[in-house]
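In order, the protein sequence lines correspond to chains A and B.
Count along the first sequence starting at 1, add 6, and that's the number in our numbering.
Count along the second sequence starting at 1, add 125, and that's the number in our numbering.
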Amino acid sequence: MTDQPIPAGPDMEIDALAALQDKEPPQAPRSQWKDVWDQFKRHKGALFGGGFLIFITLAVLLGPFLWQVDATKIDIRNKNMRPIYVALWDSAANVGWNKPLGSDQLGRDILAQLISGGRASMAVGWAAMVLALVIGTSVGVLAGYFRKLDFWLMRFTDLVLSLPILPILLVAVTLFRQPLNNTFGPEGGMFVLIVSVVGLTSWMQTARIVRGDILALKEREFILAARSIGTTPAKIIRRHLLPNVISPIMVSATLGLATAIITESALSFLGVGFPSDFPTWGKLLADAVQRMEQYPERVVLPGILISLTVLGVNYLGDGLRDALDPRIRGR
Amino acid sequence: MLTFTIRRLFLSIPTLMFISLVIFMLLQLAPGDPMAQVPLTVPPEVKEKMREALGLGQPPLIQYWKWMVQFFWIEPQVLIDHWFGTSFSADAQRVISWQTRSPVMDIVVQRIPQTLWVVGLSYIVGIAIALPIGIYSAYKQYSVFDQSGTFITMIGFSIPPFFTGPLLIVIFSVQLGWFPSIYDTTHVVTDWASFKVQFNQMIMPVMVLALQTTAQISRYMRSSMLDNLGQDYVRTARAKGLREGVVVMVHVLRNSMIPVITVIALGIPSIFGGAIITENVFKVNGIGQLLITALFANDIPMVMTLTFIFAILIVLFNLIADVLYGVLDPRIRYD
Chain A
7 MTDQPIPAGP DMEIDALAAL QDKEPPQAPR SQWKDVWDQF KRHKGALFGG GFLIFITLAV
67 LLGPFLWQVD ATKIDIRNKN MRPIYVALWD SAANVGWNKP LGSDQLGRDI LAQLISGGRA
127 SMAVGWAAMV LALVIGTSVG VLAGYFRKLD FWLMRFTDLV LSLPILPILL VAVTLFRQPL
187 NNTFGPEGGM FVLIVSVVGL TSWMQTARIV RGDILALKER EFILAARSIG TTPAKIIRRH
247 LLPNVISPIM VSATLGLATA IITESALSFL GVGFPSDFPT WGKLLADAVQ RMEQYPERVV
307 LPGILISLTV LGVNYLGDGL RDALDPRIRG R
Chain B
126 MLTFTIRRLF LSIPTLMFIS LVIFMLLQLA PGDPMAQVPL TVPPEVKEKM REALGLGQPP
186 LIQYWKWMVQ FFWIEPQVLI DHWFGTSFSA DAQRVISWQT RSPVMDIVVQ RIPQTLWVVG
246 LSYIVGIAIA LPIGIYSAYK QYSVFDQSGT FITMIGFSIP PFFTGPLLIV IFSVQLGWFP
306 SIYDTTHVVT DWASFKVQFN QMIMPVMVLA LQTTAQISRY MRSSMLDNLG QDYVRTARAK
366 GLREGVVVMV HVLRNSMIPV ITVIALGIPS IFGGAIITEN VFKVNGIGQL LITALFANDI
426 PMVMTLTFIF AILIVLFNLI ADVLYGVLDP RIRYD
C-alpha cells in the first residue's frame, strides 16, 4: 500500500490549498443541549408526554381563571348531574351546560373540582419531587466526594431502602396529621405532611445514581486540575461536578414526579390523605367509589387524569434518558 | 458463596433491629390513646392501672425491649408448640392486639392465606404473561408487536391499581355482571361449581395486581434480551448451525434470565405493599386490609408487628436476590 505509485501529471495536479478549504460555509457550533433536543424530538412518546405535562400544568394553573366556579361551593339543587356528553345516548339524563362534567352528591361542580384537585396533586408531586431530588443529590454528592462519609451515608441509604415504604407512609400520615393540622391548618398541614413523607421516602435511587457518577467523575483530570489550583471542595462540587451529573438527576426527577403523584393519590384513596373539602385527584376518585354504579364518570375522570399525567411523565423520562445519554444520542 | 450468604444473614439482623426501632419510635409519637374508649366514670387511678396492664407505664426503650422479646423469643416458641404440641410458651405474655385483646400473630396467621392466594397467584400470572411478551418483543425489535407491547406495558406501568380496580369493577361487575366485586373469603372450594365461584371472584384482584407485575417484568425481560441478542456468543451459536429456537430459547434466554430473576425476587415485597390497595378495593380481608383497619383503630401493637413483617419480607428478598445473582451468574464472585 505504501509504495503505490502516486498518479502524477499536469492534469492530476490538485490545488492543495483549495482541497483543504471547506466547500460549504462552516456550520454554526452545536451546543450539547441542541443535540439533546434533536434526539429528544425523535422520541414521539416523549414529545407527547412532555406536551401533555405542559398542557395539564397550564390547565390547572390557568383553569380557575377560565372556569370561575368555586370547587367547594355546595349547590344542592343541582346535585348529581351527569356530564354533558351523557345526553348523546341518554336524552333523559340530568345534564346542563352550567355543569359540563356534572356535579357530585352535594352539587359541587366536577370540572372545577378536577381543576383544583389537579392543582393540589401537581403541587404535591412537584414539591415532593424537588425535596427528594435535593436530599438525594446532596447525599449522593457528599457520599461520592468525601470518602469518609461514603460508608455511613450509603449504609444509611440501604437501610432506608429496606424500610416498607407504603406502611410507613400510612403510619406517618395517620400519626402526624393532628399536630401539623394545628400548626398549618387542615390543608397546609396535610400538604406539608404528604410532601415531606413522600420526599423523605423516595430520595434513595437518586442518591445511589448520583454517588456512582460522582465517584467516576472525581477521578478525572479536570477535577485534579481544579484541585491543583486550589479550588475548594464546595466550589469543585458546584462548578465542576453538579453540572456533569445533571442528566441522571433530570431522569430521576421525572420518575420522582410520577411516584409522588401516584403515592399522594394512593394515600388519599386509602382515606389518609387530604380532607374531603380540599379535593385532589386521588381523593375525588376515592370519594366517588361508593357511587360508581350510578355515576362511573366520577371515578373514571380523575383516574384518567392521574393515569395520563403519570403516563406522560414516564414517557418524558424515557425520552430524556435516551436524549441525555451520549452513547445513544446520534444513532 | 456460603460465607457471603452467612455474612449477609448476620448483617441483616442489625438492619432489621434498626428498622424495628425506627418503626417503634415512630409509633411512640402516636397521639392516639388506647384508653380513649374507656368510660369517663372510671376513676383515674384505675385508668392508670389499666394503662400499666397494657404495658404502657414503662419508658419506651423498655417497651421496645419487651416487644422484641415477645416477637423474637416467645412467638417462635408458640409456633413450635403449635407444630409439635410442646408447651414452651405456656404462661408467656404474647403481643396482644388492643383492638381484639387476642394475640396479634393469631390474627395475622388467619389473614395471611387470603393475601398469599391473591398476591402469590397474581405474581405468578404476571410473570407467566410478562416473560413471553418480553422475549418476543425483544426478538422482533421495533415490530408492531414490540411497539404495541411496549405501549401497553407503559400504560400498565402508569395506571395506578386504585384506578384499574374500580374501573374493572365498573366494567365487569356493574355493566357486564360477570364477576363479583367483593372477594368472599369465607367461600370454601368443595366441588367444581364452588371452584368456578372461587375462580370468578379471584380473576379481578389477581389481574389488577398482575398488570403491574407484567408491565415491570416484561420491560426488564425485553431490555435484558436485547442486551444479550447482540452478543458474540449468539453469533457463534448461529454459526455452528444451531436451530434458531435453541439459540433464543436456550442460549440467550438463560443468560437474560439472570437479572430478571433478581428483579422478580426484589419485586415480591413491593407487590405485598401494592396488595394493601388492591385488598382495600376488592374487600379482601388479608394483611393489607388488617393494617389499614389497625391504623384507624390506633392498634399500635398490630401496626408495629405488621409493618415489621413487611420489613422482614423486604430484607429477606433483598438477600435472596443477592444470593440468587451469585448462584446463577458464575462471573460474579462475592469473596
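We put the beta carbon where it would ideally sit given N, CA and C, even for glycine.
### Task
Assign proline 305 of chain B to one of three DSSP states: helix, strand, or coil.
coil
### Query
Which one of A:Val295, A:Gly323 and A:Val203 has the shortest CA to CA distance from glycine 290 of chain B?
A:Val295
### Task
Check whether the Cβ atoms of methionine 332 of chain B and phenylalanine 304 of chain B sit closer than 7 Å, and answer yes or no.
no
#### Entry: Short CB-CB distance (under 7 Å) between serine 127 of chain A and chain B
no
### Task
Note down the Cα distance separating valine 342 of chain A from arginine 217 of chain A, rounded to an integer number of angstroms.
What the structure shows of chain A is the stretch from 7 to 337, and residue 342 of chain A is not part of that stretch, so it cannot be assessed.
### Query
Any idea what DSSP makes of methionine 7 of chain A, helix, strand or coil?
With a pLDDT of 45 at methionine 7 of chain A, under the threshold of 50, the modelled position of this residue cannot be trusted, and the question is left open.
### Message
DSSP three-state label for arginine 337 of chain A, please.
### Response
Only weak support exists for where arginine 337 of chain A lies, its pLDDT of 49 falling under 50; the coordinates are left without a value.
### Query
So, using beta-carbon positions, are alanine 118 of chain A and valine 75 of chain A closer together than 7 Å?
yes
### Query
What number of angstroms, rounded off, separates the C-alpha of glycine 392 of chain B from the C-alpha of lysine 241 of chain A?
40 Å
### Task
Rounded to whole angstroms, what's the CA-CA distance from threonine 128 of chain B to serine 349 of chain B? Just pull it up for me.
29 Å
### Task
Out of B:Gln414, B:Gly398, B:Ile205 and B:Phe324, state which residue places its alpha-carbon closest to the alpha-carbon of isoleucine 437 of chain B.
B:Gly398
### Task
Express the C-alpha separation of serine 109 of chain A and glutamate 270 of chain A in angstroms, rounding to a whole number.
24 Å
#### Entry: Cβ-based contacts, 8 Å cut-off: residues of the segment 428-442 of chain B near chain A
Val428, Leu431, Thr432, Phe435, Ala436, Leu438, Ile439 and Val440
### Query
Taking Cβ-Cβ distances shorter than 9 Å, what residues in chain A pair up with methionine 279 of chain B?
Gly51, Leu317, Asn320, Tyr321 and Asp324
### Message
Quick check on serine 348 of chain B - is its C-beta less than 7 Å from some C-beta in chain A?
### Response
no
### Task
Kindly list, in the order they appear in chain B, the residues whose Cβ is closer than 8 Å to that of valine 306 of chain A.
Leu292 and Val295
### Task
Starting from the N-terminal side, write out each stretch of the alpha helix (DSSP H) that is 4 residues or longer and does not extend beyond the segment 198-269 of chain B.
200-209, 229-240 and 246-264
### Task
Return yes when the C-beta of valine 194 of chain B is under 6 Å from any heavy atom of the ligand FAD, and no when it is not.
Looking for the ligand FAD in the displayed structure turns up nothing, as the structure carries no ligands at all.
### Query
To the nearest whole angstrom, what separates the beta carbons of isoleucine 80 of chain A and glycine 113 of chain A, a pair I think is in contact under 8 Å?
6 Å
### Message
Counting C-beta neighbours from all protein chains within 10 Å, is the total for valine 313 of chain B 16 or more, i.e. buried, or is it exposed?
### Response
exposed
### Assigned secondary structure, serine 109 of chain A (DSSP; H/G/I helix, E/B strand, else coil)
strand
### Task
For glutamate 299 of chain A, go through chain B and note every residue whose CB falls closer than 7 Å to its CB, in chain order.
Val299
#### Entry: Close beta carbons around valine 130 of chain A, own chain, < 8 Å, minus the five adjacent residues each side
Phe197, Ile200, Val201, Val204, Ala266, Ile267, Glu270 and Thr286
#### Entry: 8 Å Cβ shell around asparagine 187 of chain A - same chain, five flanking residues per side excluded
Gly195 and Met196
### Message
Counting only C-beta atoms, is serine 313 of chain A closer than 7 Å to chain B at any point?
### Response
yes
### Reference isoleucine 82 of chain A, options A:Leu64, A:Leu94, A:Gly69 and A:Asp115, closest by Cα
A:Asp115
### Message
Can you check which of these residues, B:Leu444, B:Leu415 and B:Met126, is closest to aspartate 231 of chain B by C-alpha distance?
### Response
B:Leu415
### Task
Rounded to whole angstroms, what's the CA-CA distance from tyrosine 267 of chain B to phenylalanine 282 of chain B? Just pull it up for me.
20 Å
### Query
Is the CB of glycine 398 of chain B under 7 Å away from at least one CB in chain A?
yes
### Task
Express the C-alpha separation of serine 313 of chain A and leucine 307 of chain A in angstroms, rounding to a whole number.
10 Å
### Query
Should the segment 414-429 of chain B be regarded as contacting the segment 174-181 of chain A, the criterion being three or more beta carbon pairs within less than 8 Å?
yes
### Query
Roughly how far, in whole angstroms, is the beta-carbon of aspartate 424 of chain B from the beta-carbon of tryptophan 223 of chain B, given that I think they are within contact range, below 8 Å?
5 Å
### Query
Just checking my contact of phenylalanine 275 of chain A with glycine 262 of chain A at CB under 8 Å: how many whole Å lie between their CB atoms?
That belief does not hold up - the Cβ atoms of phenylalanine 275 of chain A and glycine 262 of chain A are roughly 20 Å apart, past 8 Å.
### Query
When we look at the beta-carbon of aspartate 283 of chain A and count the other beta-carbons within 10 Å, is it buried (16 or more) or exposed?
exposed
### Query
Straight-line CA distance for proline 164 of chain B to arginine 176 of chain B?
14 Å
### Message
Within 7 Å of any Cβ in chain B, is that where the Cβ of methionine 7 of chain A sits?
### Response
Low per-residue confidence applies at methionine 7 of chain A: pLDDT is 45, beneath 50, and the placement is therefore not dependable, though the value from the model is reported in the following sentence. Chain B contact via Cβ: absent.
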